[in-house]
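Line by line, the protein sequences give chains A and B. According to UniProt numbering, the first sequence holds residues 1 to 255 in order. According to UniProt numbering, the second sequence holds residues 1 to 255 in order.
Number of protein chains: 2
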Amino acid sequence: MTAEPQDRVLSPEELEAALRAVGAERYHNLHPFHKLLHSGALNRGQVQAWALNRYYYQSRIPAKDAVLLSRLPTPDLRRLWRSRLEDHDGFPGADTPANGGIERWLRLATGVGLDRDYVQSTVGILPATRFAVDAYVSLVRDRSVLEAVASSLTEMFSPTIIAERVSGMLANYDFITQETLAYFTPRLTQAPRDVDFALAYVKEHARTAEQQRGAIAALTEKCNILWAQLDALHFAYVEPGYIPPGAFIPEGRRQ
Amino acid sequence: MTAEPQDRVLSPEELEAALRAVGAERYHNLHPFHKLLHSGALNRGQVQAWALNRYYYQSRIPAKDAVLLSRLPTPDLRRLWRSRLEDHDGFPGADTPANGGIERWLRLATGVGLDRDYVQSTVGILPATRFAVDAYVSLVRDRSVLEAVASSLTEMFSPTIIAERVSGMLANYDFITQETLAYFTPRLTQAPRDVDFALAYVKEHARTAEQQRGAIAALTEKCNILWAQLDALHFAYVEPGYIPPGAFIPEGRRQ
């Protein structure tokens with residue numbers, strides 16, 4: 001709780017600090033499941049459950065970005081945002097591992113032993129994954145453009161979590177290779193580029209106290225969306241391990 | 001898994017049986033949290049967390065029903081559906097415990113020791129509760145009217161869960177009185193009346209195999225929406241007990 005009056009307009013630098021503080025408190029690198037994942041404490045079935053569910057998030061990112069792009073007013077802004085579609089969907093006729101984040105995530109999922117068609121069908125994901133991810137698309141459709149852009153700023157915090165994940169998973173799981181984790185390499189340069197634009201946009205357009213509170217709230221909600229996905233994975237596959245009816249059951253696991 | 005061809009049209013009686021089978025497998029009376037709740041295994045803070053989160057579900061039911069009503073084509077159908085709005089929102093100028101399910105739920109929540117304004121603000125609910133409940137409103141907006149109506153058919157299964165809950169909670173918690181649970185009494189007559197109409201509607205309008213599969217899928221998804229809410233409560237407040245940042249912390253509980 002801060003004693004600061006809620007209607008004071010923050011300077012752009014103060015706003016950035018407030019946005020970064022949201023991540024310091026709520027980004028999903030702080031979630032117990034993330035710690036288990038990168039420290040090698042999970043078994044192969046649990047890593048599969050993570051890859052399977054996270055695929056749904058990856059697969060909806062272009063839907064989220066297209067909805068946002070459709071609301072941007074100028075060719076300049078839309079061109080900038082379009083690079084996100086390219087990052088995730090790749091380019092026609094180039095079906096290589098380097099071609100788009102979704103394809104790379106599918107290779108991560110098959111790399112840990114899942115069937116490609118099963119992953120793409122999304123039939124085995126946790127309902128809570130679907131609800132959380134769909135809430136992200138709804139947020140970007142229903143709130144102001146400023147809030148929609150602000151919700152993307154979790155990418156400010158992603159280089160740290162990616163570094164932890166990649167080094168930890170490579171060191172701790174013999175079924176994980178550098179190639180399996182190829183998803184993450186381009187993200188280390190794409191995310192900061194996206195952040196540069198989105199953060200500048202938010203600092204320029206969040207001028208009233210109400211707009212600033214809206215931007216902070218949208219980023220907070222996005223953190224909740226990521227956090228809730230790990231809550232659901234942890235509950236179903238780690239502790240207490242109650243898999244909801246119809247969801248993926250790892251090999252050797254009894255329902 | 002059934003060996004039955006997916007494109008066979010079911011008779012209305014077979015369709016009803018298939019819908020009832022969804023509940024037998026997936027209704028949230030089968031969830032471990034429900035068993036803990038009615039058997040007296042929870043403490044007051046855990047019951048508060050349930051009442052607080054479930055309030056958000058109650059509070060969005062009229063939104064769900066209004067969206068559905070807006071899509072019904074005739075005054076006849078809309079009049080019938082309107083009774084659901086009356087059941088939940090009550091009537092003007094009659095601010096009594098008997099006046100509407102939302103008011104009665106607020107009394108349940110204050111009856112177990114929560115502050116009325118805090119409950120109504122919904123600031124302390126689990127993000128997963130919000131995502132699941134909002135998914136219900138989206139389902140009713142985005143799917144066919146038939147599927148929207150079918151999703152309401154979890155009420156076929158509610159008399160059993162209500163009976164278990166009321167008798168179990170009264171017997172097992174000294175902080176729960178008959179008056180606190182007054183929410184449930186009218187539901188025992190309202191729900192069967194609503195089911196009579198909705199089930200007849202679904203049996204009449206689901207004529208192709210695809211429509212029938214859609215109706216069954218919508219009811220399945222509604223069960224998932226209820227189940228995911230108990231998953232989130234169980235994870236945060238029972239086992240392992242990881243409360244997400246910003247959510248309600250029961251008195252005496254440390255984060």
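In this text, a Cβ means the ideal position worked out from N, Cα and C, and glycines have one as well. Note that this is a predicted model, so its numbers are computed, not measured.
I'd like to check one pair, residue j with residue i: are the Cβ atoms closer than 7 angstroms?
i, j, result
"Val-112 (chain A)", "Gln-48 (chain A)", "yes"
"Ala-63 (chain B)", "Val-137 (chain B)", "yes"
"Tyr-183 (chain A)", "Leu-108 (chain A)", "yes"
"Ile-176 (chain A)", "Asn-29 (chain A)", "no"
"Cys-223 (chain B)", "Tyr-57 (chain B)", "no"
"Gln-190 (chain A)", "Asp-89 (chain A)", "no"
"Ala-215 (chain A)", "Ala-128 (chain B)", "no"
"Pro-244 (chain A)", "Trp-227 (chain B)", "yes"
"Val-119 (chain A)", "Tyr-55 (chain A)", "yes"
"Phe-33 (chain A)", "Leu-233 (chain A)", "yes"
"Phe-131 (chain B)", "Phe-131 (chain A)", "yes"
"His-38 (chain A)", "Gly-168 (chain A)", "yes"
"Lys-203 (chain B)", "Leu-80 (chain B)", "no"
"Ser-151 (chain B)", "Ile-102 (chain B)", "no"
Could you list which residues in chain A have their beta carbon closer than 8 angstroms to that of residue i, in chain order?
i, result
"Ser-138 (chain B)", "Asp-134, Ser-138"
"His-234 (chain B)", "Phe-235, Pro-240, Tyr-242"
Can you tell which of the options has its C-alpha closest to the C-alpha of residue i?
i, options, result
"Pro-240 (chain A)", "A:Val-202, A:Ala-247, A:Asp-231", "A:Asp-231"
"Leu-181 (chain B)", "B:Asp-89, B:Phe-33, B:Leu-106, B:Tyr-56", "B:Leu-106"
"Asp-7 (chain B)", "B:Glu-204, B:Tyr-201, B:Glu-210", "B:Glu-210"
"Val-140 (chain B)", "B:Leu-170, B:Ile-61, B:Ala-171, B:Leu-80", "B:Ile-61"
"Val-238 (chain A)", "A:Tyr-173, A:Ser-59, A:Gly-214, A:Lys-35", "A:Lys-35"
"Ala-148 (chain A)", "A:Ser-70, A:Gly-100, A:Ser-11", "A:Ser-70"
"Val-145 (chain A)", "A:Ala-228, A:His-205, A:Phe-248, A:Phe-33", "A:His-205"
"Arg-78 (chain B)", "B:Arg-213, B:Ala-215, B:Ala-198", "B:Ala-198"
"Leu-114 (chain A)", "A:Val-166, A:Leu-52, A:Asp-174", "A:Leu-52"
"Thr-185 (chain B)", "B:Thr-74, B:Arg-104, B:Arg-82, B:Pro-12", "B:Arg-104"
"Glu-13 (chain A)", "A:Arg-207, A:Asp-76, A:Phe-91", "A:Arg-207"
"Ala-135 (chain B)", "B:Asp-117, B:Gly-23, B:Gln-229, B:Gly-101", "B:Gln-229"
"Tyr-201 (chain A)", "A:Glu-25, A:Ile-225, A:Asp-76", "A:Asp-76"
"Ala-163 (chain A)", "A:Leu-188, A:Asp-142, A:Asn-172", "A:Leu-188"
"Leu-85 (chain B)", "B:Asn-99, B:Gly-93, B:Thr-74", "B:Asn-99"
"Gly-23 (chain A)", "A:Pro-159, A:Arg-143, A:Val-166, A:Asp-174", "A:Pro-159"
"Arg-213 (chain A)", "A:Arg-143, A:Gln-178, A:Arg-82, A:Thr-110", "A:Arg-143"
"Glu-179 (chain A)", "A:Ile-225, A:Thr-110, A:Tyr-242, A:Asp-117", "A:Thr-110"
Under 9 angstroms Cβ-Cβ, which residues of chain A neighbour residue i?
i, result
"Pro-245 (chain B)", "Glu-25, Arg-26, Leu-30, Thr-220, Cys-223, Asn-224, Trp-227"
Name the chain A residues whose beta carbon is nearer than 7 angstroms to that of residue i?
i, result
"Asp-89 (chain B)", "Within chain A, no residue comes near Asp-89 (chain B); the closest Cβ sits about 23 angstroms away, beyond 7 angstroms."
Give me the chain E residues within the contact set of residue i, using Cβ-Cβ distance strictly less than 8 angstroms, ordered along the chain.
i, result
"Asp-231 (chain A)", "Chain labels in this structure do not include chain E; the protein chains are A and B."
Quick one: list the residues of chain B neighbouring residue i, beta-carbon separation under 8 angstroms, in chain order.
i, result
"Phe-131 (chain A)", "Ala-128, Phe-131, Ala-132, Asp-134, Ala-135, Ile-225, Ala-228"
Touch test, the segment 112-125 of chain B against the segment 194-208 of chain B, Cβ-Cβ under 8 angstroms, three pairs minimum
Contact annotation: the segment 112-125 of chain B does not touch the segment 194-208 of chain B, with fewer than three C-beta pairs closer than 8 angstroms.
Could you pull out every unbroken alpha helix (DSSP H) segment of at least 4 residues lying fully inside the segment 103-158 of chain A, listed in chain order?
Listed in chain order, the complete alpha helix (DSSP H) runs (minimum 4 residues) inside the segment 103-158 of chain A are 116-121, 127-142, 145-151.
With three or more C-beta pairs closer than 8 angstroms as the rule, is the segment 41-55 of chain B touching the segment 65-79 of chain B?
Contact fails: fewer than three Cβ-Cβ distances are below 8 angstroms.
Taking contact to mean at least 3 C-beta pairs separated by less than 8 angstroms, is the segment 238-252 of chain B in contact with the segment 148-156 of chain B?
Contact between the segment 238-252 of chain B and the segment 148-156 of chain B is absent: fewer than three C-beta pairs spanning the two stretches fall below 8 angstroms.
Check whether the segment 216-225 of chain B and the segment 17-24 of chain B touch, using three or more Cβ-Cβ pairs below 8 angstroms as the test.
Contact between the segment 216-225 of chain B and the segment 17-24 of chain B is present, because at least three Cβ pairs lie under 8 angstroms.
Every unbroken alpha helix (DSSP H) inside the segment 160-221 of chain A [4 residues or more]
As far as the segment 160-221 of chain A is concerned, its whole alpha helix (DSSP H) runs of at least 4 residues are 184-205.
Within the segment 21-66 of chain A, ranges of the alpha helix (DSSP H) (whole runs, at least 4 residues):
As summarised for the segment 21-66 of chain A, the continuous alpha helix (DSSP H) elements at least 4 residues long and confined to that stretch are 32-39, given in chain order.
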